[in-house]
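Novice: Here it is: the structure, laid out below.
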């Protein structure tokens, strides 16, 4: 799939079992995922926007729900197609053909599932600096940033900001807690945080909150050392 030049390329699902596409790179855009492909259906905001008949499908992997033509939470929150019938699969393929060829909704990305959260050493963290190979199910290399003991994969929506060659790549593959707290790039080699001021600790907390609840970067690890 070709990249959309101005858009982040990977859209993470929210924590299981929900399959909501949390990340929305442009305000007002309406995205729907079908069988792993994410479509921009903003042109049909009257149908998929707030108040529209199909608004429940917006921001979700709607594959199972559309295959069954269901508005039930059990289908809206579950993208697993393994148990559907041949008739339901045919129904889903009709929707895909409609999106692709009849409506010609733009393809803006693919749904990629982050790896499971696991314990991680700083040595392991260092391997994920955005310069590695691209896994088969992704369009960008993994790019991890550590803060407050957590490891975030910022390639989900933030690759262009943290990729090699950018200013913020200095944080990639590192425990950046102290450096983000002090906003001093030359502090990146230190992991010491017990001497931070209350103001600096708050700054570090703010970054952590931003990563998790505003940017929706998935947490893929917990630093062990």
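Numbering (the working numbering), first residue to last: 706 to 930. Ideal Cβ positions, reconstructed from N, Cα and C, are used throughout, including at glycine. Since we're looking at a predicted model, the values are computed, not measured.
Classify residue 909 as helix, strand or coil using the three-state DSSP reduction.
Specialist: Taking the chain shown and counting its residues from 1, one reaches residue 909 at position 204. Helix.
Novice: Distance, Cα to Cα, residue 885 vs residue 908?
Specialist: Reading the chain shown from its first residue, position 180 is the one you call residue 885. Reading the chain shown from its first residue, position 203 is the one you call residue 908. Each residue's Cα considered, the two are about 7 Å apart.
Novice: Which value, in whole angstroms, describes the spacing of the CA atoms of residue 805 and residue 854?
Specialist: Walking along the chain shown from the start, residue 805 turns up at place 100. Walking along the chain shown from the start, residue 854 turns up at place 149. Using only the alpha carbons, I get a separation of about 43 Å.
Novice: State the Cα-Cα distance for the pair residue 887 and residue 833, rounded to the nearest angstrom.
Specialist: Position 182 of the chain shown, counted from the first residue, corresponds to residue 887. Position 128 of the chain shown, counted from the first residue, corresponds to residue 833. Going from the Cα of residue 887 to the Cα of residue 833 covers about 23 Å.
Novice: For residue 858, list the residues DSSP reports as bridge partners.
Specialist: Against the chain shown, residue 858 aligns to sequence position 153. Paired residues: 849.
Novice: Give the DSSP bridge partners of residue 742, in chain order.
Specialist: Working through the chain shown from its first residue, we reach residue 742 at position 37. Residue 742 is bridged to 739 and 815.
Novice: Measure the alpha-carbon distance for residue 780 versus residue 895 and round it to whole angstroms.
Specialist: Within the chain shown, residue 780 is the residue found at index 75, counting from 1. Within the chain shown, residue 895 is the residue found at index 190, counting from 1. So the two alpha carbons sit approximately 47 Å from each other.
Novice: Can you name the residues that DSSP bridges to residue 924?
Specialist: Translated into the one-based positions of the chain shown, residue 924 becomes position 219. Answer is 857, bridged to residue 924.
Novice: Out of 743, 820 and 841, which one is the CA nearest neighbour of residue 812?
Specialist: The count along the chain shown starts at 1 and reaches residue 812 at position 107. With distances taken between Cα atoms, residue 812 lies closest to 743.
Novice: Just tell me which of 799, 769, 776 and 749 has its CA closest to the CA of residue 786.
Specialist: Reading the chain shown from its first residue, position 81 is the one you call residue 786. The shortest Cα separation from residue 786 among 799, 769, 776 and 749 belongs to 769.
Novice: For a quick check, are the C-beta atoms of residue 852 and residue 881 less than 8 Å apart?
Specialist: Residue numbering aside, residue 852 sits at position 147 when the chain shown is read from its first letter. Residue numbering aside, residue 881 sits at position 176 when the chain shown is read from its first letter. Yes, they are a contact pair.
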